[in-house]
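Undergrad: In this note's numbering, the protein residues as written are -13 to 144. Just passing along the structure, written as structure tokens.
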């Protein structure tokens, strides 16, 4: 995500490959590093405890648990959006009746108020459920967007 923001910021950002969020957050709190992009689930307790300051969220809309924290898009980077998403897949050839039953159960759970409140308390939000075809398109669009970032930054697997 740093690479996607690089060139859009008026500061130089250096990627430091910490071994997970915990050591990176420790470094941030010690002021050894001054900026971090992290998943909300690990950062939220520290934000709520005023141990780190949230500057922006990378989601397409503000988070209910951080209503005063703007999105990156609101700060002028309208083409930038990155968030964690979850999808459910079944093996190719799974009978359509089984897929429909699973989809129905998932959609029912996603509409459950207790489930929604728990997700929101973790800083997550529930996207509109997608059909199989819509999920494939979503994945293809996401891959295309990140392919540009990978190519522009000459990222290679080691």
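Don't be surprised by glycine CBs; every beta carbon is placed ideally from N, CA and C.
Is residue 217 helix, strand or coil by DSSP?
TA: Examination of residue 217 is not possible in this model, given that the chain is present from -13 through 144 alone.
Undergrad: Residue 129 lies in the alpha helix (DSSP H); which residues open and close that run?
TA: Taken as a continuous stretch (DSSP letters only), the alpha helix (DSSP H) holding residue 129 covers 118 to 138.
Undergrad: State the start and end residues of the unbroken alpha helix (DSSP H) segment that holds residue 31.
TA: Here the alpha helix (DSSP H) through residue 31 covers 26 to 34.
Undergrad: Identify, in the order they occur along the chain, each residue of the same chain with its Cβ nearer than 8 Å to the Cβ of residue 40, setting aside the five sequence neighbours on each side.
TA: Here the set comprises 29, 33, 52 and 55.
Undergrad: Measuring only the C-alpha atoms, how far is residue 100 from residue 26?
TA: So the two alpha carbons sit approximately 20 Å from each other.
Undergrad: Could you give the distance in angstroms between the alpha-carbon of residue 15 and the alpha-carbon of residue 62?
TA: Distance between the alpha carbons of residue 15 and residue 62: 27 Å.
Undergrad: Do residue 38 and residue 21 count as a contact pair if the criterion is CB distance below 8 Å?
TA: Cβ distance not < 8 Å, so residue 21 and residue 38 don't count as in contact.
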